[in-house]
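Student: Sharing a structure with you now.
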Amino acid sequence: MRNIWKPFQSLYFAALMMLIGSGLLSTYLALRLAADHVDSLWIGALMAANYFGLAVGGKVGHRLIGRVGHIRAYATCAGIVGAAVLGHGLTNWLPVWIGLRMIVGLGMMCQYMVIESWLNEQADAKHRGAVFSGYMIASYLGLVLGQLILVVHPQLGPELLMLVAMCFALCLVPVAMTRRIHPAPLRPAPMEPKFFIKRVPQSLSTVLGSGLIVGSFYGLAPLYASSQGLTTEQIGLFMGSCIFAGLLVQWPLGWLSDRYDRAVLIRSVAIGLALAAAPLAILPGVPLELLFAMGFVISLLQFCLYPLAVAFSNDHVESERRVSLTAMLLVTYGVGACIGPLAAGVLMKLLGAQMLYAFFVFFALVLVWRIRPKAVTGLHQVQDAPLGHVAMPAAGSPLSAALDPRVDEQTVQEVMQAPVAAEDTEEDVAARPQSEESRSVS
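Quick note on numbering: the sequence shown equals residues 0 to 441 in numbering that gives the first Met the number 0.
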């Protein structure tokens with residue numbers, strides 16, 4: 000495994016630094032506003048704006064990469080994100096912060112697309128699963144380390160914004176210093192909403208529920224922990240342990256997913272999530288040890304939903320449609336992650352901070368009602384189902400299908416290879432380096 004990951008160390012480092020900055024920024028903003036006694040609705044709106052930027056960034060990033068190339072696009076977006084991060088320190092006007100959070104999300108999506116294009120270009124077909132798992136580890140570790148910075152530096156001053164900006168500056172280094180030529184330009188896959196809503200409705204429901212829950216967690220869990228009287232250091236440890244749970248659960252989840260009915264597993268996880276979150280939803284105050292233990296268990300379960308839904312949906316979609324399926328799942332997750340922080344923020348403002356976990360309980364119960372293993376007819380199940388479970392990264396772009404080993408490589412070439420003539424003017428084509436024009440997706 001170490002020999003497989005070695006060629007990708009620079010890209011993993013870039014992803015690691017990006018996620019350290021992103022994880023630290025999300026928690027810092029939530030704690031900063033909580034210290035200023037700002038309504039939870041605003042905190043939820045900031046996270047919703049970030050996910051909205053990520054959703055929009057898929058389209059913008061594709062056009063930018065096609066026009067100026069991968070390295071220039073990555074450097075441009077890293078610079079813009081760093082400037083937007085520092086912009087939070089220039090004003091306290093919350094509408095401006097919402098705009099800045101959207102810019103951060105948009106720029107980061109473009110950066111994800113560049114990294115994933117490069118990983119796909121360099122990965123052998125038989126090693127794509129291992130490369131994907133390395134990317135997952137780097138992204139989860141980045142989020143965890145971002146939280147642990149608060150343990151070392153608990154003061155909520157502008158120094159933390161400077162650290163975030165430093166992370167986005169450092170993530171530039173391995174990409175800017177590369178001696179490799181540009182990877183072939185890829186385009187996000189076209190979506191087929193009507194087809195997938197009819198074909199994999201239970202998977203889409205699970206992905207939507209996962210977006211609602213996980214988006215709310217990242218945006219509002221620091222506020223909940225603050226309401227429980229935790230210090231900044233303790234909140235950093237709480238968030239770090241919860242996100243680390245999402246990393247730890249990926250391997251046992253894969254073992255279970257490959258051996259048991261995935262619809263049953265999704266329903267069981269939803270039941271467990273509802274039961275685990277219920278005490279935090281009911282009790283206004285929780286002892287510190289119990290809060291950490293329950294938060295860890297809840298996170299183990301909430302981070303299971305999306306990868307299980309992805310695996311379940313791939314079992315019922317033909318190989319030539321799996322690229323489009325990935326795009327549909329990401330958009331569905333993004334919609335949930337935009338709505339979740341806003342809805343949970345309103346509930347917390349009106350009824351108290353424990354409504355965050357009441358929100359989790361409600362949507363976990365919705366999934367228990369919605370996911371019915373007996374309703375799975377198997378009519379469209381592919382012959383090689385169940386397909387191998389793949390650990391999913393903490394973040395991804397519409398190009399992540401190119402790395403998923405469940406997606407046939409020839410399908411990736413046919414669906415995601417961007418035709419030069421369709422996107423670029425004659426001047427753009429003439430200006431592009433010959434090496435970038437002539438490469439094909441590996």
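Idealized CB from N, CA, C, for every residue including glycine.
Note down, one range per segment and in chain order, each beta strand (DSSP E) of at least 3 residues found wholly within the region 44 to 113.
Tutor: Runs found: none.
Student: Taking Cβ positions, are G20 and M165 nearer each other than 9 Å?
Tutor: The sequence position of residue 20 within the sequence shown is 21, counting from 1. The sequence position of residue 165 within the sequence shown is 166, counting from 1. Yes, Cβ-Cβ distance for G20 and M165 is below 9 Å.
Student: Among the candidates L289, A122, K58 and C303, whose CA atom is the shortest distance from the CA of G104?
Tutor: Taking the first residue of the sequence shown as 1, we reach residue 104 at position 105. Residue K58 is the option with its Cα nearest to G104.
Student: Grouping DSSP H, G and I as helix and E and B as strand, with all else coil, what is L386?
Tutor: Counted from its first residue, the sequence shown places residue 386 at position 387. Note: L386 maps to coil in three-state DSSP.
Student: If you check the beta carbons only, do A74 and L171 fall under 9 Å apart?
Tutor: As a first step, residue 74 is located in the sequence shown; it is residue number 75 there, counting from the start. As a first step, residue 171 is located in the sequence shown; it is residue number 172 there, counting from the start. Taking 9 Å as the Cβ cut-off, A74 and L171 qualify as a contacting pair.
Student: Got a sec? Which residues, its chain only, sit under 6 Å from P306 by beta carbon, not counting five neighbours each side?
Tutor: The residue you call residue 306 lines up with position 307 of the sequence shown. These residues qualify, in order along the chain: M391.
Student: Could you tell me the alpha carbon to alpha carbon distance between A129 and N49, rounded to whole angstroms?
Tutor: One-based indexing of the sequence shown puts residue 129 at position 130. One-based indexing of the sequence shown puts residue 49 at position 50. Going from the Cα of A129 to the Cα of N49 covers about 29 Å.
Student: Taking the CB atoms as reference points, tell me whether G294 and A220 lie closer together than 9 Å.
Tutor: Along the sequence shown, read from residue 1 onward, the residue named residue 294 stands at position 295. Along the sequence shown, read from residue 1 onward, the residue named residue 220 stands at position 221. It is a contact, given that the beta carbons lie within the stated cut-off.
Student: Restricting to Cα atoms, I'd like to know which of M17, K373, V375 and A72 is closest to A168.
Tutor: Stepping through the sequence shown from its first residue, residue 168 is reached at position 169. Checked all of M17, K373, V375 and A72; the closest Cα to A168 is M17.
Student: Measure the C-alpha to C-alpha separation of P372 and V316 and round it to an integer number of angstroms.
Tutor: In the sequence shown, residue 372 corresponds to position 373, counting from 1. In the sequence shown, residue 316 corresponds to position 317, counting from 1. Straight-line Cα distance between these residues: approximately 17 Å.
Student: If we ignore side chains and look at the alpha-carbon of each, how far apart do L155 and M108 end up?
Tutor: Residue 155 sits at position 156 when you count from the first residue of the sequence shown. Residue 108 sits at position 109 when you count from the first residue of the sequence shown. Answer to the nearest angstrom: the Cα atoms are 27 Å apart.
Student: Apart from the five residues on each side of it in sequence, which residues of its chain come closer than 7 Å, Cβ to Cβ, to L349?
Tutor: Translated into the one-based positions of the sequence shown, residue 349 becomes position 350. Cβ neighbours of L349 beyond the five flanking positions: none.
Student: DSSP three-state call for L290: helix, strand or coil?
Tutor: In the sequence shown, counting from the first residue as 1, residue 290 sits at position 291. L290 falls in the helix class under three-state DSSP.
Student: Which runs of the alpha helix (DSSP H) at least 4 residues long sit entirely within the region 238 to 303? Give them in chain order.
Tutor: Entirely contained in the region 238 to 303, the alpha helix (DSSP H) runs reaching 4 residues are, in chain order, 249 to 256, 261 to 281 and 287 to 301.
Student: With a threshold of 7 Å on Cβ separation, who are the neighbours of L15 within its own chain once the five nearest residues in sequence on each side are excluded?
Tutor: Here the question's residue 15 lines up with position 16 in the sequence shown. Excluding positions up to five away in sequence, the list reads A137, L140 and G141.
Student: Return the chain-ordered list of same chain residues with a C-beta closer than 6 Å to the C-beta of V360, the five sequence neighbours on each side being excluded.
Tutor: Sequence index remark: in the sequence shown, residue 360 carries index 361 (1-based). Once the five neighbours on either side are set aside, the close Cβ partners of V360 are A273, A276, A277 and A280.
Student: Span of the alpha helix (DSSP H) holding I196?
Tutor: Your numbering for residue 196 matches position 197 in the sequence shown. First-last of the alpha helix (DSSP H) with I196: P192 to R198.
Student: Would you check if the distance between the CB atom of A310 and the CB atom of S399 is smaller than 9 Å?
Tutor: Working through the sequence shown from its first residue, we reach residue 310 at position 311. Working through the sequence shown from its first residue, we reach residue 399 at position 400. Contact: no.
Student: Using the three-state DSSP reduction, which class does L185 fall into: helix, strand or coil?
Tutor: As a first step, residue 185 must be located in the sequence shown, where it is residue number 186. In this structure, L185 counts as strand in the three-state DSSP scheme.
Student: Thinking C-alpha only, which one of E288, G271 and S267 is nearest L236?
Tutor: Counted from its first residue, the sequence shown places residue 236 at position 237. Ranking E288, G271 and S267 by Cα distance to L236 puts E288 first.
Student: Measure from the alpha carbon of V367 to the alpha carbon of each residue in G218, Y217 and I270, then state which is nearest.
Tutor: Your numbering for residue 367 matches position 368 in the sequence shown. When only C-alpha atoms are compared, the closest one is I270.
Student: Using only the alpha-carbon positions, how far apart do H126 and F243 sit?
Tutor: Taking the first residue of the sequence shown as 1, we reach residue 126 at position 127. Taking the first residue of the sequence shown as 1, we reach residue 243 at position 244. Distance between the alpha carbons of H126 and F243 is about 25 Å.
Student: Contact between the region 81 to 100 and the region 20 to 33: three or more CB pairs below 8 Å?
Tutor: Touching, yes.
Student: What are the start and end residues of the alpha helix (DSSP H) that includes V411?
Tutor: In the sequence shown, counting from the first residue as 1, residue 411 sits at position 412. Segment E408 to M415, the alpha helix (DSSP H) holding V411.
Student: Looking at the structure shown, is A310 part of a helix, part of a strand, or coil, going by DSSP?
Tutor: Here the question's residue 310 lines up with position 311 in the sequence shown. A310 falls in the helix class under three-state DSSP.
Student: Mark E413 as exposed unless 16 or more other C-beta atoms lie within 10 angstroms of its C-beta, in which case mark it buried.
Tutor: Working through the sequence shown from its first residue, we reach residue 413 at position 414. Classification for E413: exposed.
Student: Give me the residue from L355, L378, V406 and Y332 with the minimum Cα distance to S215.
Tutor: Along the sequence shown, read from residue 1 onward, the residue named residue 215 stands at position 216. Among L355, L378, V406 and Y332, the Cα nearest to that of S215 is on L355.
Student: Can you check which of these residues, F362, A13, A357 and C303, is closest to I114 by C-alpha distance?
Tutor: Taking the first residue of the sequence shown as 1, we reach residue 114 at position 115. Measuring from the Cα of I114, the nearest candidate turns out to be A13.
Student: Quick one: what does DSSP say T177 is sitting in, helix, strand or coil?
Tutor: Locating residue 177 in the sequence shown gives position 178, where the first residue counts as 1. It is coil, neither helix nor strand.
Student: Would you tell me roughly how many angstroms separate the C-alpha atoms of L23 and W4, rounded to the nearest one?
Tutor: What you label residue 23 is simply residue 24 of the sequence shown in a count that begins at 1. What you label residue 4 is simply residue 5 of the sequence shown in a count that begins at 1. Near 26 Å, if we compare the C-alpha coordinates of W4 and L23.
Student: For G333, tell me which candidate among L32, L53, A44 and R31 has the shortest Cα-Cα distance.
Tutor: As a working mapping, residue 333 is identified with position 334 in the sequence shown. Of the listed residues, the one whose Cα sits closest to G333 is L53.
Student: Could you check if A420 is buried or exposed, using at least 16 other CB atoms within 10 Å of its CB as the buried criterion?
Tutor: Counted from its first residue, the sequence shown places residue 420 at position 421. Confidence at A420 is low in this model, with a pLDDT of 38, below 50, so its placement is unreliable and the value that follows should be read with caution. Exposed: under 16 other Cβ atoms inside 10 Å.
Student: Below 8 Å, can you find three or more Cβ-Cβ pairs linking the region 337 to 351 to the region 34 to 44?
Tutor: Judged by Cβ distances under 8 Å, the region 337 to 351 makes contact with the region 34 to 44, as three or more pairs qualify.
Student: Pull up the CB-CB distance for I212 and Q301, whole angstroms please, since I reckon it's below 8 Å.
Tutor: Translated into the one-based positions of the sequence shown, residue 212 becomes position 213. Translated into the one-based positions of the sequence shown, residue 301 becomes position 302. Yes, I212 and Q301 are in contact; Cβ-Cβ is about 5 Å, under 8 Å.
Student: Just to confirm, are G218 and A47 a CB contact at a threshold of 9 Å?
Tutor: Within the sequence shown, numbered from 1, the residue matching residue 218 stands at position 219. Within the sequence shown, numbered from 1, the residue matching residue 47 stands at position 48. Cβ atoms of G218 and A47: closer than 9 Å.
Student: Within a Cβ cutoff of 7 Å, which residues of the same chain sit near L32, ignoring the five residues on either side of it in sequence?
Tutor: For the purposes of this step, residue 32 is identified with residue 33 of the sequence shown, where counting begins at 1. Taken in chain order, the residues that qualify are W41 and I42.
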